[in-house]
Amino acid sequence: MDACGPNHFATHKWSGEHRCRRCIERKVLSIGSGIIGSQKPVGPSRFEFEMKKVFLQLLVVCVVNSVISFLLIADVIRVGAGSYSTVLPAGTQPPPGNILRTSKVRGPMPSNDWWSSLAWPGNNFAQYSHPLAVKVESSGLRIHYPGPSIRGDTRGVYGSMPANSADFILGHSSVTNFSRPLVDGFSDWFVNLRFATNQYAMTLSFGHGSPFVYAVYENGAPHLTFAEPPKVWTSENVQSAIGITIQGRHYGLFGPSGAFWSGRGSNVISCHSQDKGHFSIAVLPDPSPATFALFQRYAHAHVTGTEVSWKYDPKTAEVTTQFDFQTTPREGTERGTLFALYPHQWRHTETPLLPLVYQSVRGTMKLAEGVSFRTRSRFPGILPALPDAGGSDPASIARSLATDLSRPTDDAKDSYWANKQLARLATLIPIAEIYGLPQAEELRRNVQANVENWLTAEEPSGQPKTSRLFCYNSNWGTLIGSPSSYGSDKELNDHHFHYGYLLKAAAEVARHDPAWAQTNRWGGMVDLVIRDFASPDRNDPMFPFLRNLDPYAGHTWASGHSQFGDGNNNESSSEAMNAWTGLILWGEATGRTALRDLGVWLYTTEMQAIQEYWFDVTGENHPPSFTPSVMTMMWGGKGANETWFTADPQLVHGINWLPMHGGSLYLGHFPDYAAKNYQALVTEHKSDRWNNWPDLIWMYRALSDSADAIRLFEATSPTLKLEDGNSWTNARHWIYNLHKLGQPDPTITASEPLTTVFRQGNKQTYVVYNLRDSTRTVRFSDGQEVRVKKAGYTLQRRAR
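Mapping of the sequence shown onto my numbering: residues 8 to 807, in sequence order.
The structure is reproduced here in structure tokens:
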């Protein structure tokens, strides 16, 4: 047992990692005194008083002795009606105990980021900040611009860090080999990395969209090693800054005023900075004097902070994202910087763009200058489920539901598969309600009981659970669902996928029973789960800010550690959208507008990234040599038309469709692309008779040709195996009602989030879902108004 000082317990943050006897006794004593202290003796004698003191002390000792072993096994923290543990059950592994960070970096540690491998023990891997790629070496930081060598083929688009050579290594004049560098700070899309050996150090800063790498040196100066002598194309009269070209790539090297360079004509160039420690390099779009002068102007305004903020205006359905750069002028007065915008950003910004670009594996990045930029987008709305538009009759739905409920269920226990099955049942509830089927209430009770089971760390007997619970790791600041799967414990992978399914199910319970979702009941634990993968608070004491979302890249990352040569990755973009759909529904059902608005922003942001990078609906982002219709897995240094688990084209396509629900209509926002993508799948499969995930394929087909989807659905054997997270009921309801509704029309938005507009020929259908029995008017952006008077769906049709 650890020993603690007399004031330790008052300041100690209780955790499973530290369980000294003093703390346990103090904790139990505080509990015991709270219970016993409510009984007040009336006029005790001195003897009685002493006897009571002895009795209480003995009682406390008994309490301590009886529960101390339990507390050492599992520390259960109650949150409302739920609870979590601070001790992992057997079989679940914690993430590494050692985080590679300096003493300046404290509290919850970001994971699932583009730079995450910098903080994880193990081998060094490249990071892709775009437009640059960087990699830690023993002698410093290897820097490379992949743009000129990006290529595509039938399997992917490639722009990785070369294995054995790159443009150059930025090192320290007094150090040949550093020990492993440590994360020395971070902001929303930038990271600081400190290399140090004894009194010699350099701290480097780099981030998304920045063409710069900034450096601050201690007891030394910049020392650059090239694979071959670079061409120096600036005049020797320019002392402090030089322009170079290496293997067709152009860079500016910017020393402080008064600096000079040695080594021209060799493969080692050094900057002599007269004890001024700041320095920066930048990849240049071209080697023109005007471009060099532009970058020199901003070179010494080091980016020292980045921050994203968002706003959703329900009246206009507008989602605004603000990107702010904080800079520190190392010399001069310039406070602006240069930054490159991804396609999903520059298509939606009013910020003036410079006529300078970079190439990346996401497409063309366009340069801008200043201290901030803003994007504006429209949220298209979601629904708990599609409405009944007269496409399917109750009897057919009832038969499908009976089939689904008789379907054997796997006894899945882990945080992915168990919650995936739970969400499948939750998706059936609103459909059963729509058709007035009695199974709706039974489904609701079943889903609620299973959600509550996951949100509780104790058995009904009070004993600690060993399965289906959440455990908190205070070192990293994360909740780990146990049993885990796919490295969700030791690698912190996929939390937005796993917990998104649970959130979607909890939102369905809250839709029917908002009192259940109050924070003093089950809502507190649901909120805790949300905070694990999407905390909106940078000062959250338990979790990092927006763990899974990369706000600058516009999408989520799945790997917690990012220890791959191609950087981090994200495969199932649609499972991320499932999480954001659940968050919107949860926020609406509980009346928590801040959470709802967070969900709307996350949904809209990721939706745009999916359309740009996974689907490339404009045809402008993927190189012509990349021939597939879809990019199924996004990496930092590449994009791939593959999955982790199969080469079957049915699953390769379907992994970015599942699960399908009322938040999946974005898949049909570009019907021409949806038709093209479906036909590509037919060609790859060499048939339109599907034997893997046929339900998902029919549902996707319905977004571009619902009549063909019905043909496929009706020609299929009812014994065909469906995707594990889907059902016959959901597939039938979706396909037949889309046949009546038409295609989703994202060009018309509404003044409330639970809305959608469909277009079929010259007819439009406006759909509003009302959570409560209340009368109000919903206004659409084309001037249409829909008056709703009761809970449920209201449909209004009109001809154009």
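By construction, the Cβ of each residue, glycine as well, lies at the ideal position given by its N, Cα and C atoms.
**OP:** With DSSP as the reference, label residue 331 as helix, strand or coil.
**Re:** Position 324 of the sequence shown, counting from 1, holds the residue named residue 331. In this structure, residue 331 counts as strand in the three-state DSSP scheme.
Original post:
With 16 as the cutoff for other CB atoms within 10 Å, does residue 768 come out buried or exposed?
Top reply: As a position in the sequence shown, residue 768 is number 761, starting the count at 1. Result: exposed.
Original post:
Going straight from the alpha carbon of residue 593 to that of residue 518, what length do you get?
Top reply: Here residue 593 corresponds to residue number 586 of the sequence shown, with the count starting at 1. Here residue 518 corresponds to residue number 511 of the sequence shown, with the count starting at 1. Straight-line Cα distance between these residues: approximately 8 Å.
**OP:** Return helix, strand or coil for residue 133, following the three-state DSSP convention.
**Re:** What you label residue 133 is simply residue 126 of the sequence shown in a count that begins at 1. Strand at residue 133.
**OP:** Counting only runs of 4+ residues fully inside the segment 603 to 631, write out the alpha helix (DSSP H) ranges in chain order.
**Re:** none
Original post:
How long is the line joining the alpha carbons of residue 33 and residue 464, rounded to whole angstroms?
Top reply: Position 26 of the sequence shown, counted from the start, is the residue given in the question as residue 33. Position 457 of the sequence shown, counted from the start, is the residue given in the question as residue 464. Per-residue confidence for residue 33 stands at a pLDDT of 32, beneath the threshold of 50, marking its modelled position as unreliable; the derived number appears in the next sentence. Near 22 Å, if we compare the C-alpha coordinates of residue 464 and residue 33.
Original post:
Among residues of its own chain, excluding the 5 on either side of residue 397, which ones have a beta-carbon nearer than 6 Å to its beta-carbon?
Top reply: Your numbering for residue 397 matches position 390 in the sequence shown. 747, listed in sequence order.
Original post:
Assuming residue 214 contacts residue 123 under a Cβ cut-off of 8 Å, what Cβ separation, rounded to an integer in Å, is found between them?
Top reply: Counting from 1 along the sequence shown, the entry for residue 214 is found at position 207. Counting from 1 along the sequence shown, the entry for residue 123 is found at position 116. With a Cβ gap of about 14 Å, residue 214 and residue 123 do not count as contacting.
Subject >> residue 631 versus residue 457 - alpha carbon distance >> reply: Numbered from its first residue, the sequence shown carries residue 631 at position 624. Numbered from its first residue, the sequence shown carries residue 457 at position 450. Cα to Cα, the separation comes out at about 48 Å.
Original post:
Which class does residue 739 belong to by DSSP, given the choice of helix, strand or coil?
Top reply: The residue labelled residue 739 in the question sits at position 732 within the sequence shown. It is helical.
Original post:
Is the beta carbon of residue 674 less than 9 Å from the beta carbon of residue 707?
Top reply: Here residue 674 refers to the residue found at position 667 of the sequence shown. Here residue 707 refers to the residue found at position 700 of the sequence shown. Yes. Within cutoff.
Original post:
Just curious, the beta strand (DSSP E) that residue 401 is in, first and last residue?
Top reply: Walking along the sequence shown from the start, residue 401 turns up at place 394. No beta strand (DSSP E) holds residue 401; the alpha helix (DSSP H) holding it covers 401 to 413.
**OP:** Following the continuous beta strand (DSSP E) through residue 793, name the residue where it begins and the one where it ends.
**Re:** One-based indexing of the sequence shown puts residue 793 at position 786. For residue 793, the enclosing beta strand (DSSP E) covers residues 792 to 795.
**OP:** Give every residue of the same chain whose Cβ lies closer than 8 Å to the Cβ of residue 132, excluding the five residues on either side of it in the sequence, and list them in chain order.
**Re:** Numbered from 1 along the sequence shown, position 125 holds the residue referred to as residue 132. Cβ neighbours of residue 132 beyond the five flanking positions: 124, 142, 569, 570, 571, 572, 574.
Original post:
By DSSP, does residue 537 sit in helix, in strand, or in coil?
Top reply: For the purposes of this step, residue 537 is taken as the residue at position 530 of the sequence shown. In this structure, residue 537 counts as helix in the three-state DSSP scheme.
Original post:
Which of helix, strand or coil does DSSP assign to residue 428?
Top reply: To locate residue 428, count along the sequence shown from 1; it is residue 421. When DSSP states are grouped into helix, strand and coil, residue 428 belongs to the helix group.
**OP:** Could you check which residue in 699, 610, 392 has the C-alpha nearest to that of residue 668?
**Re:** In the sequence shown, the residue the question calls residue 668 occupies position 661. With distances taken between Cα atoms, residue 668 lies closest to 392.
Subject >> Rounded separation between residue 788 and residue 116 - CA only >> reply: Position 781 of the sequence shown holds residue 788. Position 109 of the sequence shown holds residue 116. If I take the Cα positions, the gap works out to 42 Å.
Original post:
Cα separation between residue 793 and residue 780?
Top reply: Along the sequence shown, one-based indexing puts residue 793 at 786. Along the sequence shown, one-based indexing puts residue 780 at 773. Between residue 793 and residue 780, the C-alpha separation is close to 15 Å.
Subject >> residue 96: CB within 8 Å of a non-hydrogen atom of the ligand NAP >> reply: Among the ligands in the structure shown, none appear at all, so the ligand NAP cannot be discussed.
**OP:** Count the other C-beta atoms from every protein chain shown that fall within 10 angstroms of the C-beta of residue 645, then say buried if there are 16 or more, exposed otherwise.
**Re:** Reading the sequence shown from its first residue, position 638 is the one you call residue 645. Answer is buried; the Cβ neighbour count reaches 16.
Original post:
Whose C-beta lies closer than 7 Å to the C-beta of residue 806 among residues of the same chain, with five residues either side of it excluded?
Top reply: The residue given as residue 806 occupies position 799 in the sequence shown. For residue 806, where only same-chain residues beyond five positions count, the Cβ hits under 7 Å are 769, 770.
Subject >> residue 373 - DSSP class collapsed to helix/strand/coil >> reply: Counting from one through the sequence shown, the residue named residue 373 turns up at place 366. Strand at residue 373.
Subject >> Neighbour-count burial assignment, residue 255, 16 or more Cβ in a 10 Å radius >> reply: Taking the sequence shown and counting its residues from 1, the one referred to as residue 255 is at position 248. So residue 255 ends up on the exposed side.
**OP:** Report yes or no: do the segment 279 to 299 and the segment 216 to 231 share at least 3 C-beta pairs separated by less than 8 Å?
**Re:** yes
**OP:** Out of 664, 366, 320, state which residue places its alpha-carbon closest to the alpha-carbon of residue 600.
**Re:** Sequence index remark: in the sequence shown, residue 600 carries index 593 (1-based). Closest option to residue 600, Cα to Cα, is 320.
Original post:
When DSSP labels each residue in this structure, what does residue 723 get in the three-state scheme?
Top reply: Position 716 of the sequence shown holds residue 723. Residue 723 falls in the coil class under three-state DSSP.
Original post:
Expressed to the nearest angstrom, what Euclidean distance is found between the alpha-carbon atoms of residue 361 and residue 260?
Top reply: Here residue 361 refers to the residue found at position 354 when the sequence shown is read from its first residue. Here residue 260 refers to the residue found at position 253 when the sequence shown is read from its first residue. Between residue 361 and residue 260, the C-alpha separation is close to 21 Å.
**OP:** Could you tell me the boundaries of the beta strand (DSSP E) in which residue 233 lies?
**Re:** Working through the sequence shown from its first residue, we reach residue 233 at position 226. The continuous beta strand (DSSP E) containing residue 233 extends over residues 229 to 233.
**OP:** Could you say which of 581, 686, 610, 709 lies nearest to residue 639 if we only look at CA atoms?
**Re:** Taking the first residue of the sequence shown as position 1, residue 639 is located at position 632. Comparing Cα-Cα distances from residue 639 to each of 581, 686, 610, 709, the minimum goes to 581.
Subject >> Beta-carbon gap between residue 345 and residue 217 smaller than 9 Å >> reply: Indexing the sequence shown from 1 puts residue 345 at position 338. Indexing the sequence shown from 1 puts residue 217 at position 210. Cβ atoms of residue 345 and residue 217: closer than 9 Å.
Original post:
Whose C-alpha, out of 503, 677, 685, 688, is nearest the C-alpha of residue 749?
Top reply: By 1-based counting over the sequence shown, the position of residue 749 is 742. Here the closest residue by C-alpha is 677.
Original post:
In the structure shown, what three-state DSSP assignment does residue 368 receive?
Top reply: The residue given as residue 368 occupies position 361 in the sequence shown. Looking at residue 368 - three-state DSSP - the assignment turns out to be coil, as it is neither helix nor strand.
Subject >> Three-way DSSP call (helix, strand, coil) for residue 782 in this model >> reply: Translated into the one-based positions of the sequence shown, residue 782 becomes position 775. Here residue 782 sits in coil by DSSP.
Subject >> Beta-ladder partner(s) of residue 288, from DSSP >> reply: As a working mapping, residue 288 is identified with position 281 in the sequence shown. According to DSSP, residue 288 bridges with 220, 260.
Original post:
Are the segment 513 to 528 and the segment 467 to 487 touching, with three or more C-beta to C-beta distances below 8 Å?
Top reply: no
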